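Some notes on the structure that comes next.
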Amino acid sequence: MTRFNMRTLMELNHAVEQLNERYQRMCQDKGWRFLDYASSFNQRRILYGNTIHPNQRGYDVIAGLIAERMGRVIRP
């Protein structure tokens, strides 16, 4: 059972999208890399332990994305 209704979840998702846009701009301005792993989830409920937080499968997806990105960054 979730403690959020659909409207609240939609509002939270919108807020996260706005925050990610700001993070992306900040990273671009600073010359930093940004990894938007949330977009890789594509609302796949199987990757969530509850309405907000990833479960082990979700964290495995995140770890894979980080490993792939780090491999590109640190390759000689």
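Just so you know, we're using the numbering used here here: the sequence shown kicks off at 180 and counts up by one.
Where is the CB? At the ideal position from N, CA and C, for every residue including glycine.
Since the structure is predicted, the reported quantities are computational estimates derived from the model, not experimental observations.
Counted as a single uninterrupted DSSP element, the alpha helix (DSSP H) harbouring Gly237 occupies residues 235-253. When the Cα atoms are used, Met249 and Ala242 turn out to be separated by approximately 10 Å.
Every alpha helix (DSSP H) stretch that sits fully inside the segment 211-235 and reaches 4 residues is listed by chain position as 217-220.
Across the structure, Tyr238 and Leu226 are spaced so that their CA atoms are roughly 8 Å apart. The continuous alpha helix (DSSP H) containing Arg201 extends over residues 185-209. Between Val240 and Ser219, the beta carbon gap of about 6 Å places them in contact (Cβ cut-off 8 Å).
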